[in-house]
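Q: Numbering (my numbering), first residue to last: 1193 to 1393.
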């Protein structure tokens, strides 16, 4: 049987839960490391002129969007909380109901990224961003590990939707066999059988 169609065991749920915890831990660990190692707005080049670490505080959403809006942090916190609860529940629902491990993993990454930035908004009132790319005079919006989770999971979901005919595998269904009808013991007086025999002659 295709591994994608196998009914998930309790160990599968444990592994998916552990994956979620590890992803959130990596995001929070990298942010904490940057906060302790960098001054605000400090930029440390890794690849000169292209890639660097720069500690910034983002009060907006992914890639610093809505960061200049005073209401942004409250609005995004509420939206992020609702989105996280839905995505996290959906990840395990898809695993249990449709047995789609690929889709569940995408949702795990998406929910982990959502929670990673939500923790920052609730705890710090801003999100820690630090990954910076420069393309000549243009600097790409600074982001973090949680943003990477969200971006990669959205790309993977798009690939599943666009290039897979069935991104949710079809679960084999064996309908119950019909039991042969028991003879009722009634005598057929319609004469249908006799008529059929006469036609054959």
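Each residue gets a CB set at the ideal place from its N, CA and C atoms; glycine is no exception.
Assign residue 1235 to one of three DSSP states: helix, strand, or coil.
A: The residue given as residue 1235 occupies position 43 in the chain shown. It is a strand residue.
Q: Buried or exposed: residue 1350, going by 16 or more other Cβ atoms within 10 Å of its Cβ?
A: Within the chain shown, numbered from 1, the residue matching residue 1350 stands at position 158. Exposed.
Q: I'd like to know whether the C-beta of residue 1227 is nearer than 8 Å to at least one C-beta of chain D.
A: Checking the listed chains, one finds no chain D in this structure; it contains a single protein chain.
Q: If you measure between the beta carbons of residue 1245 and residue 1221, is that distance less than 8 Å?
A: Numbered from 1 along the chain shown, position 53 holds the residue referred to as residue 1245. Numbered from 1 along the chain shown, position 29 holds the residue referred to as residue 1221. No.
Q: Per the DSSP calculation, residue 1271 is bridged to which residue(s)?
A: The count along the chain shown starts at 1 and reaches residue 1271 at position 79. Note: residue 1271 sits in no beta bridge, so no partner.
Q: Using DSSP's beta-bridge definition, name the partner residues of residue 1335.
A: Numbered from 1 along the chain shown, position 143 holds the residue referred to as residue 1335. Paired residue(s): 1323.
Q: What residue from 1237, 1240, 1233 has the CA that sits closest to residue 1249's CA?
A: Here residue 1249 refers to the residue found at position 57 of the chain shown. The residue with the shortest Cα to Cα distance from residue 1249 is 1233.
Q: Using DSSP with H/G/I as helix, E/B as strand and the rest coil, what is residue 1291?
A: Within the chain shown, the letter at position 99 stands for residue 1291. If DSSP states are grouped into helix, strand and coil, residue 1291 belongs with coil.
Q: From residue 1206 to residue 1332, what does the alpha carbon distance come to, in whole angstroms?
A: For the purposes of this step, residue 1206 is taken as residue 14 along the chain shown, with counting starting at 1. For the purposes of this step, residue 1332 is taken as residue 140 along the chain shown, with counting starting at 1. Using only the alpha carbons, I get a separation of about 37 Å.
Q: Taking the alpha-carbon positions, what's the residue 1237 to residue 1218 distance?
A: Taking the first residue of the chain shown as position 1, residue 1237 is located at position 45. Taking the first residue of the chain shown as position 1, residue 1218 is located at position 26. Residue 1237 and residue 1218: Cα-Cα distance of roughly 22 Å.
Q: Tell me whether the beta-carbon of residue 1338 lies closer than 8 Å to the beta-carbon of residue 1298.
A: Residue numbering aside, residue 1338 sits at position 146 when the chain shown is read from its first letter. Residue numbering aside, residue 1298 sits at position 106 when the chain shown is read from its first letter. No, the pair does not count as a contact, with Cβ atoms beyond the cut-off.
Q: Here's the rule I'm using: 16 or more other beta-carbon atoms within 10 Å means buried, otherwise exposed. How should residue 1317 be labelled?
A: Position 125 of the chain shown, counting from 1, holds the residue named residue 1317. Label assigned to residue 1317: exposed.
Q: Just to confirm the assignment, what range does the beta strand (DSSP E) spanning residue 1318 have?
A: What you label residue 1318 is simply residue 126 of the chain shown in a count that begins at 1. Neither: residue 1318 is in no beta strand (DSSP E) and is coded neither H nor E.
Q: Out of 1251, 1290, 1292, 1301, which has the shortest C-alpha to C-alpha gap to residue 1275?
A: Position 83 of the chain shown, counted from the start, is the residue given in the question as residue 1275. Minimum Cα distance to residue 1275 is reached at 1301.
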